[in-house]
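2 protein chains.
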Amino acid sequence: MDTTQDTQEAHAVAAFHALANETRLRMLRCLVAAGREGMAAGDVARAVGASPSRASFHLAALAETGLVLSERAARQVTYRVDFAAIGGLVAYLLHDCCGNAPEVRRCCGLPAC
Amino acid sequence: MDTTQDTQEAHAVAAFHALANETRLRMLRCLVAAGREGMAAGDVARAVGASPSRASFHLAALAETGLVLSERAARQVTYRVDFAAIGGLVAYLLHDCCGNAPEVRRCCGLPAC
DNA sequence: TCCATGTTTCAAGAATCGTTGAAATGGGTC
DNA sequence: GACCCATTTCAACGATTCTTGAAACATGGA
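Printed below as a string of structure tokens:
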């Protein structure tokens, strides 16, 4: 039996794994900075100092978890952060994982629930 | 040269790595549920269905990143979540990584900045 | 001291992950 | 078609991580 919780948990584990790498975390920050416009794969690669194949490998890993989306436009592939997916991860950490513990919320400058 | 940002980033990568494992994520949730009282290592092990050595390995990994703290009391070792550390990670994701993007905050039921 | 309990350490092996460079693919221009 | 540019795929290799069971360590009680 596979409960909703198990699925959520597996998804969270995958997302955390995606963020548990310096190259990927830097890529994500680049893409966040780029906003809704997104960035071409090659530009991300240059920005983080990764070879094309390395960049492709890590961008694919980010896309695999749904944290970023990709879209081909002519020759280039544009990657774009899925802000809702990141929000979902933060929500998981805050609500499901930490039960909205006031002390956690306080650390983020958030009002208690 | 090692900037503050690099240190922060390295710390975040380590924390995400700690959460990127089913056993450890379950342990963390157990410990959050246990609150300030914490839980003995053996109880955590039973709760997540891990052998003593496996539990010790993963609890040590969590402690290594500072997400949990340990304290020996008599024969037992009590593990306790460091709520501030988790809050710090959420804050990193929300502020440093996502620049407080309104769309991310909205997904967590947070007011825009 | 001897024994029982709780936890950590260790070594060995399997599995997963990340890097590299070369080759392949997709798509535009001449 | 021939050519170029952007990206992905692939195979090989090294590095890291996880699991397992046995042994060691720490502590308290008989």
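Protein sequence lines, in the order shown, are assigned to chains A and B. Count along the first sequence from 1, add 1154, and you get the number used in the numbering used here. Count along the second sequence from 1, add 1154, and you get the number used in the numbering used here. For each residue, glycine too, the CB sits at the ideal point set by N, CA and C.
Paired residues, beta bridge with residue i - DSSP
| i | result |
| --- | --- |
| A:Arg-1190 | Answer is none; A:Arg-1190 lacks a bridge partner. |
| B:Glu-1225 | B:Thr-1232 |
Below-8 Å beta-carbon distance, residue i vs any chain B residue
| i | result |
| --- | --- |
| A:Phe-1237 | yes |
| A:Arg-1260 | yes |
| A:Leu-1264 | yes |
Any chain A beta carbon closer than 8 Å to residue i
| i | result |
| --- | --- |
| B:Cys-1184 | no |
| B:Glu-1257 | yes |
| B:Leu-1179 | yes |
| B:Leu-1223 | no |
Three-state class that DSSP yields for residue i in the structure shown
| i | result |
| --- | --- |
| B:Ala-1207 | Strictly speaking, residue 1207 of chain B in this sequence is Ser, with Ala absent from that position. Reduced to three states, the DSSP call for B:Ser-1207 is helix. |
| B:Ala-1102 | There is simply no residue 1102 of chain B to check, as chain B begins at 1155 and stops at 1267 in what is shown. |
| B:Ala-1266 | coil |
| A:Asp-1156 | coil |
| A:Cys-1184 | helix |
| B:Gly-1253 | coil |
| A:Gly-1241 | helix |
> If contact means a Cβ-Cβ distance below 9 Å, which residues of the segment 1240-1253 of chain B contact chain A?
Replying inline: Against chain A - using a Cβ distance shorter than 9 Å - the residues of the segment 1240-1253 of chain B are Ile-1240, Gly-1241, Gly-1242, Leu-1243, Val-1244, Ala-1245, Leu-1247, Leu-1248, His-1249, Asp-1250, Cys-1251, Cys-1252 and Gly-1253.
> According to a CB-to-CB cut-off of less than 7 Å, which residues of the segment 1160-1175 of chain A neighbour chain B?
Replying inline: Hits within the stretch, in order: Glu-1163, Ala-1166, Val-1167, Phe-1170, His-1171, Leu-1173, Ala-1174 and Asn-1175.
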